[in-house]
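> Residue numbers (the numbering used here): 740 to 1019.
Backbone N, C-alpha and C fix where the C-beta goes; we use that ideal spot for every residue, glycine too.
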Ligand code: GUN
């Protein structure tokens, strides 16, 4: 049976430690979260971020704008946050309504306040082998979790399924920096199972039930980033946990694996940006 990569346990440990660090700061970091529209899942995510921040003494500001908000208006709001010395970190919750160009919005965030590390400036640093101001939250959380269990990626074949800017793309670079051999698979990949069978580490970020035990070699390390409700309303991930956990060496549960680590990384990023802004 696989060892469970317990994201909740690590979250509790890292956030308890971060809380102590925040208590020692002379002023409190402030995380501003911008939510455009009424997407129910986004509302829950934003609320969870607010709760996590409050629990460790980080101020949070939630800016909820109507779904018809225009791009110019949204950029003006972000400019205000960029120019507000009280605001440490800015996050625009994705997805945005279709009439808004996501890249224009993300790139209006000052890279030194970019809580997600999604601006082209931060991506450029990451993709050119330099250190971004902060690393994107989900990839960072995954690596923190693997580190906690002393899983060394050097020389391993890591197969990532999903090429989003939120997970797959930045994660591929971060894993390459750990000297792994990285393969990125996506919706047009042919013979997916043929590739996943060669994985020492499989990271799936699709949001669909796609990974069965016959697609993996035994002792594979399995990280499930997917989270959705199945036909019965049960929260589950991309991986058939019950069967895959019988052959894998390590596996993340859903919920309780990667999800708590994403929020933890956001809190860490906020404090890292605060320290950077207050170091001189
Ligand atoms: N929507 C889903 N995941 C994320 C994330 O990590 N950051 C932002 N801003 N939006 C998201």
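Would you check if the distance between the CB atom of residue 976 and the CB atom of residue 963 is smaller than 8 Å?
Yes, Cβ-Cβ distance for residue 976 and residue 963 is below 8 Å.
> Could you tell me the boundaries of the beta strand (DSSP E) in which residue 798 lies?
798-804 is the extent of the beta strand (DSSP E) around residue 798.
> Could you tell me the alpha carbon to alpha carbon distance between residue 915 and residue 791, rounded to whole angstroms?
Cα to Cα, residue 915 sits roughly 30 Å from residue 791.
> Just to confirm my understanding: we take residue 984, look at its own chain, exclude 5 residues before and 5 after, and list those with CB closer than 7 Å. What are they?
The answer, listed in chain order, is 740, 741, 990.
> Sort 921, 787, 1007 by Cα distance to residue 937 and report the nearest one.
Answer by Cα proximity: 921.
> Would residue 970 and residue 873 qualify as a contact pair, given that the criterion is a beta-carbon distance under 8 Å?
Against a cut-off of 8 Å, the Cβ pair of residue 873 and residue 970 comes out as no contact.
> Quick check for students: name the residue ranges of the alpha helix (DSSP H) that lie wholly in the region 901-966, counting only runs of 4 or more.
The region 901-966 contains these whole alpha helix (DSSP H) runs: 907-915, 931-935.
> At what residues does the alpha helix (DSSP H) containing residue 785 begin and finish?
It spans 779-794 - the alpha helix (DSSP H) in which residue 785 sits, taken as one unbroken run.
> If you drop the 5 nearest sequence neighbours on each side, which residues of the same chain put their C-beta closer than 7 Å to that of residue 757?
So the qualifying residues of the chain are 795, 1006, 1007, 1010.
> Measure the Cβ-Cβ separation of residue 801 and residue 826 and say whether it is below 8 Å.
Going by C-beta atoms, residue 801 is not nearer than 8 Å to residue 826.
> Would you kindly check if the distance between the Cβ of residue 861 and the Cβ of residue 878 is under 8 Å?
Contact: no.
> By DSSP, does residue 1003 sit in helix, in strand, or in coil?
Correct three-state label for residue 1003: helix.
> With contact counted as at least three CB pairs below 8 Å, one residue from each stretch, are the region 941-952 and the region 892-911 in contact?
A contact exists between the region 941-952 and the region 892-911.
> Count the other CB atoms, across all protein chains shown, that sit within 10 Å of the CB of residue 832; report buried if there are 16 or more and exposed otherwise.
Burial call: buried.
> Any heavy atom of the ligand GUN closer than 7 Å to the CB of residue 905?
Yes, Cβ of residue 905 sits closer than 7 Å to a heavy atom of the ligand GUN.
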